[in-house]
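In my numbering, the protein residues as written are 20 to 53. Here the structure is laid out as structure tokens; the discussion comes afterwards.
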């Protein structure tokens with residue numbers, strides 16, 4: 020599960036904070052049109 024993976028990854032990078040949030044989804048400002 021992602022929160023546990025993030026917690027494990029954080030152990031290898033002391034001094035750096037991580038925040039797990041809800042997915043951003045397909046917000047119109049994040050979609051790259053080609």
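Note that the Cβ used here is the ideal one computed from N, Cα and C, for glycine as well.
Local conformation of residue i per DSSP, three classes
i: residue 43; result: coil
i: residue 26; result: helix
i: residue 35; result: coil
Which listed residue (the options) has its alpha carbon closest to that of residue i
i: residue 22; options: 39, 34, 31, 50; result: 39
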